[in-house]
Amino acid sequence: MKLEKIIEKINNKEKHWNIVIICCGLAGAAIGISFNTSGVFYNPVSKNLNILKGVFSFHMTIFTLVMAFSSLLIPKMVKIISYKKILIVGVIMSTISTAMMGMVKSVSLFYILGAVRGFSTSMYSNVPISIIINRWFIKKNGLAMSIVFSCSGLIGVFISPLLAKCIEIWGWQIGYVIKSIILFMLCLPAIIYPFKINPIEEGLQPYEDDSYENNSTKILENKNNKKEEKIFYSKITLINMIFFSIFICFLTGVPQHFSGYSVSLGYSESIGAIILSSGMMGNIISKLLVGILSDKIGPIRATSVLILSILTGIILLFLGNKFMFLIIGAFLFGACYGIAAVSISLLTSYFFGVEKYMSVFPITSFIANVGSALSISIIGFIYDFTKSYKLAFLLSGVMVGVSLIFISIAICDRKKNILKNII
Numbered sequence: 001m002k003l004e005k006i007i008e009k010i011n012n013k014e015k016h017w018n019i020v021i022i023c024c025g026l027a028g029a030a031i032g033i034s035f036n037t038s039g040v041f042y043n044p045v046s047k048n049l050n051i052l053k054g055v056f057s058f059h060m061t062i063f064t065l066v067m068a069f070s071s072l073l074i075p076k077m078v079k080i081i082s083y084k085k086i087l088i089v090g091v092i093m094s095t096i097s098t099a100m101m102g103m104v105k106s107v108s109l110f111y112i113l114g115a116v117r118g119f120s121t122s123m124y125s126n127v128p129i130s131i132i133i134n135r136w137f138i139k140k141n142g143l144a145m146s147i148v149f150s151c152s153g154l155i156g157v158f159i160s161p162l163l164a165k166c167i168e169i170w171g172w173q174i175g176y177v178i179k180s181i182i183l184f185m186l187c188l189p190a191i192i193y194p195f196k197i198n199p200i201e202e203g204l205q206p207y208e209d210d211s212y213e214n215n216s217t218k219i220l221e222n223k224n225n226k227k228e229e230k231i232f233y234s235k236i237t238l239i240n241m242i243f244f245s246i247f248i249c250f251l252t253g254v255p256q257h258f259s260g261y262s263v264s265l266g267y268s269e270s271i272g273a274i275i276l277s278s279g280m281m282g283n284i285i286s287k288l289l290v291g292i293l294s295d296k297i298g299p300i301r302a303t304s305v306l307i308l309s310i311l312t313g314i315i316l317l318f319l320g321n322k323f324m325f326l327i328i329g330a331f332l333f334g335a336c337y338g339i340a341a342v343s344i345s346l347l348t349s350y351f352f353g354v355e356k357y358m359s360v361f362p363i364t365s366f367i368a369n370v371g372s373a374l375s376i377s378i379i380g381f382i383y384d385f386t387k388s389y390k391l392a393f394l395l396s397g398v399m400v401g402v403s404l405i406f407i408s409i410a411i412c413d414r415k416k417n418i419l420k421n422i423i
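Just so we're aligned, residue 1 is where the sequence shown starts under the working numbering, counting upward by one.
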């Protein structure tokens with residue numbers, strides 16, 4: 001009887017890690033393909049159509065803004081509609097609209113397709129993925145989250161040079177078609193594999209190492225839950241967390257211009273794609289590292305390590321007249337994705353607790369996407385009018401400094417609330 005229970009427990013846990021695998025595919029498609037590889041198209045499309053980079057890259061601003069607004073609806077949608085249906089609709093719309101990007105030449109049509117892609121991508125991007133992981137995992141939640149979102153960077157590392165090469169050989173139109181096929185293939189396992197957004201609907205429990213101890217812990221947490229909310233939840237903390245998110249996530253639009261920056265320094269498109277891939281490698285490492293560090297030293301210190309990495313990367317990129325400076329700088333700057341995808345989620349849990357997470361995280365995620373959306377076009381226009389990316393890197397440094405001020409205020413406010421509660 002005990003052996004049967006052990007086998008059943010192992011099989012149940014296997015299902016949980018299968019969920020992680022399919023979420024890796026979704027993150028790879030939504031972030032790695034739809035967002036991280038967009039930079040390799042900026043130069044060839046803007047040159048071919050004789051339009052400013054800022055004008056063309058604005059379609060990604062629209063994409064990100066629409067995705068941000070649409071993501072706010074996801075928590076409500078999954079309560080009334082099967083997530084599998086939402087997923088299928090989103091993937092089909094994304095695949096078709098991405099392929100159509102290679103079939104149009106009008107700026108207005110690029111913008112319309114950007115909006116369609118943003119809406120459809122929200123159905124399998126950060127918010128739904130985070131909901132799935134948080135419901136399927138209690139123990140090893142941070143590890144699962146880090147693995148899933150690091151895959152988006154891994155996809156970017158391999159696919160960016162591939163798409164750049166395809167564009168050189170067959171043109172950007174075929175490049176978009178290839179991009180749409182890769183996107184669909186990454187989402188296919190999640191479409192085929194049977195799963196519910198909540199394990200309880202399948203008669204399973206969230207991943208736990210010791211069910212008895214965890215159940216006891218949950219009971220104690222529930223009893224003390226109201227007290228925890230009074231300690232950690234504050235409007236001042238929320239406001240500062242929002243501003244931290246928008247300023248720090250402004251940086252995530254910068255790597256999309258690494259390819260253009262390298263070309264402006266005299267390197268080829270292929271070399272530019274390699275530098276972009278270096279940034280995506282930093283993306284992967286930072287997402288894995290921040291989860292591990294957070295478990296060891298807490299989310300605040302873990303996030304501080306990534307911020308230090310970003311500042312070092314900015315300096316190297318600003319001085320980047322040497323190829324090695326660009327490669328290392330891009331790698332270190334890639335830590336901005338670790339903050340956007342993982343740190344903000346961990347910090348939200350740290351400041352607001354488990355109960356407030358589901359109501360606060362969609363807001364911070366939305367704000368993070370707004371910051372990212374603004375940066376994509378702002379940096380493009382900075383280059384169009386100054387013919388240099390140097391100002392963009394200076395602006396990035398300022399954004400990091402301002403974000404540090406906001407997160408410091410949030411930390412101080414949290415400590416003040418704890419002291420008040422003790423007294």
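Beta carbons are placed, not taken as given, at the ideal position from N, Cα and C, and that holds for glycine.
When the Cα atoms are used, what is the spatial distance from residue i to residue j?
i, j, result
"Glu-229", "Ile-88", "Interpretation of Glu-229 is limited by its pLDDT of 43, a score under 50 that renders its predicted location unreliable; the figure taken from the coordinates is listed afterwards. Near 37 Å, if we compare the C-alpha coordinates of Ile-88 and Glu-229."
"Gly-28", "Asn-369", "17 Å"
"Ala-124", "Leu-26", "The sequence shown places Tyr at residue 124, rather than the Ala named in the question. Their backbone Cα atoms lie some 6 Å apart in a straight line."
"Ile-284", "Ser-150", "4 Å"
"Thr-386", "Gly-397", "18 Å"
"Met-280", "Ile-167", "19 Å"
"Leu-289", "Leu-238", "25 Å"
"Ile-31", "Leu-154", "10 Å"
"Thr-217", "Val-400", "Because the pLDDT at Thr-217 is just 41, under 50, the model does not fix this residue reliably, and the value given afterwards should be weighed accordingly. Their Cα atoms are separated by approximately 38 Å."
"Val-148", "Ile-80", "26 Å"
"Phe-195", "Arg-135", "12 Å"
"Leu-186", "Ser-152", "11 Å"
"Pro-362", "Leu-346", "13 Å"
"Leu-162", "Gly-156", "10 Å"
"Ile-192", "Lys-85", "12 Å"
"Ile-219", "Ala-190", "Note on Ile-219: pLDDT 38, under 50, position unreliable in the model; the coordinate value appears next. Approximately 33 Å between the Cα atoms of the pair."
"Leu-109", "Ser-403", "35 Å"
"Ser-372", "Gly-39", "13 Å"
"Gly-266", "Tyr-389", "13 Å"
"Ile-236", "Pro-299", "19 Å"
"Ser-82", "Val-263", "46 Å"
"Gly-90", "Phe-119", "8 Å"
Thinking C-alpha only, which one of the options is nearest residue i?
i, options, result
"Asp-295", "Ser-396, Ala-144, Lys-85", "Ala-144"
"Ser-375", "Met-77, Phe-250, Gly-54, Ala-99", "Phe-250"
"Ala-392", "His-257, Phe-323, Thr-312, Asn-369", "His-257"
"Ser-365", "Phe-381, Leu-308, Gly-28, Tyr-337", "Tyr-337"
"Ser-259", "Leu-394, Thr-37, Phe-318", "Thr-37"
"Met-428", "Ile-131, Ile-200, Lys-235", "Any question about residue 428 goes unanswered here, given that the chain covers just 1 to 423."
"Ala-425", "Ile-62, Phe-184, Gly-156, Thr-252", "This structure gives no information on residue 425, because the portion of the chain shown stretches from 1 to 423."
"Ile-271", "Ser-349, Ser-160, Ser-372", "Ser-160"
"Thr-61", "Lys-105, Ser-106, Tyr-350, Gly-114", "Gly-114"
"Leu-316", "Leu-306, Ile-307, Ile-327", "Ile-327"
"Ile-310", "Ala-340, Phe-323, Phe-137", "Ala-340"
"Lys-105", "Leu-49, Gly-171, Lys-390, Phe-318", "Leu-49"
"Val-45", "Phe-35, Ser-57, Leu-332", "Ser-57"
"Leu-395", "Cys-412, Ser-268, Phe-318", "Phe-318"
"Leu-332", "Ile-292, Glu-201, Ile-92, Leu-308", "Leu-308"
"Ile-96", "Ile-248, Ala-335, Ile-181", "Ile-181"
"Ala-240", "Ala-410, Tyr-350, Ile-138, Pro-299", "With the sequence shown as reference, residue 240 is identified as Asn, and Ala is not the correct amino acid for it. Selected option, being the one with the closest Cα: Ala-410."
"Tyr-261", "Ile-112, Ile-22, Asp-384, Val-107", "Asp-384"
"Arg-414", "Lys-390, Ile-378, Phe-352, Lys-356", "Phe-352"
"Thr-121", "Met-103, Cys-412, Ile-74", "Ile-74"
"Glu-14", "Gln-205, His-59, Ser-34", "Gln-205"
"Leu-72", "Lys-416, Ser-388, Phe-406, Val-360", "Val-360"
Determine the DSSP secondary structure at residue i, reduced to helix, strand or coil.
i, result
"Phe-137", "strand"
"Tyr-267", "coil"
"Ile-10", "Only weak support exists for where Ile-10 lies, its pLDDT of 46 falling under 50; the value from the coordinates is given anyway. Note: Ile-10 maps to helix in three-state DSSP."
"Tyr-389", "coil"
"Thr-37", "coil"
"Tyr-473", "A question about residue 473 goes unanswered here, because the residues of the chain that appear run from 1 up to 423."
"Val-398", "helix"
"Ser-245", "helix"
"Val-360", "helix"
"Ile-155", "helix"
"Val-177", "helix"
"Ser-304", "helix"
"Leu-319", "coil"
"Cys-412", "helix"
"Asn-198", "coil"
"Asn-50", "coil"
"Ile-88", "helix"
Examine chain B for any beta-carbon lying closer than 8 Å to the beta-carbon of residue i, and answer yes or no.
i, result
"Ile-284", "Protein chains in the displayed structure number just one, and chain B is not present."
So if DSSP puts residue i in a beta bridge, which residue, or which two residues, is it bridged to?
i, result
"Tyr-350", "Tyr-350 is not bridged to any residue."
"Pro-207", "Note that residue 207 corresponds to Tyr in the displayed sequence, not to Pro. Phe-137, per the DSSP bridge assignment."
**Message:** Pairs of beta-carbons, one from the stretch 113-128 and one from the stretch 50-67, closer than 8 Å: are there three or more?
**Reply:** yes
**Request:** Determine, using beta-carbon pairs with one atom in the stretch 160-175 and one in the stretch 242-249, whether at least three such pairs fall under 8 Å.
**Result:** no
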